[in-house]
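For the sequence shown, the numbering used here puts the final residue at 89, and the numbers step up evenly by one.
One structure is given below, encoded as structure tokens.
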Amino acid sequence: MLGIKVQQVENQLIIRWQLSKIEIPISDIKAVTLDDTYGGSEPSAVRIGAAYGASETILMRTTNQSYILFTSNEALFPKISAMLSNNAG
């Protein structure tokens, strides 16, 4: 199984997992935090990745939707945070 891949293309945050591709405008992202619950704390959030075997759960809140990323890649959260801080201001 392939892991979650995140990249920035212009003003979009692109999340890829398996055959899915989600594009989120960076300006719409309000908060990115680590979620210490097993299945994620937001029931209506879009879940990306496999919850079992994931060492980190990342909660991304946008103006319209919340996303929960299940990953074993501990570098993913700092990478997303850096992308957002580079685009702040």
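The C-beta atom is built at its ideal place from N, Cα and C for all residues, glycine as well.
Since the structure is predicted, the reported quantities are computational estimates derived from the model, not experimental observations.
Could you tell me which residues DSSP puts in a beta bridge with residue i?
i     : result
Thr33 : Leu59
Pro25 : Gln12
Ser20 : Trp17
Lys5  : Arg16
Leu69 : Ile48, Ile58
Hey, residue i and residue j: beta-carbon distance below 9 Å or not?
i     : j     : result
Gly49 : Phe77 : no
Asn11 : Ile26 : yes
Lys30 : Ile15 : no
Ser66 : Ser81 : no
What does a CB cutoff of less than 7 Å around residue i pick up in its chain, not counting 5 residues either side in sequence?
i      : result
Glu117 : Nothing about residue 117 can be reported from this structure: the residues present for the chain run from 1 to 89 only.
Can you find the residues in the same chain that come closer than 8 Å, C-beta to C-beta, to residue i, ignoring five residues on each side of it along the sequence?
i     : result
Gly3  : Trp17, Gly49, Thr71, Ser72, Asn73
Gly53 : Ser72
Quick one: what's got a C-beta closer than 6 Å to residue i's C-beta in the same chain, skipping five residues either side?
i     : result
Met83 : Gln8
Arg61 : Lys30, Ala31
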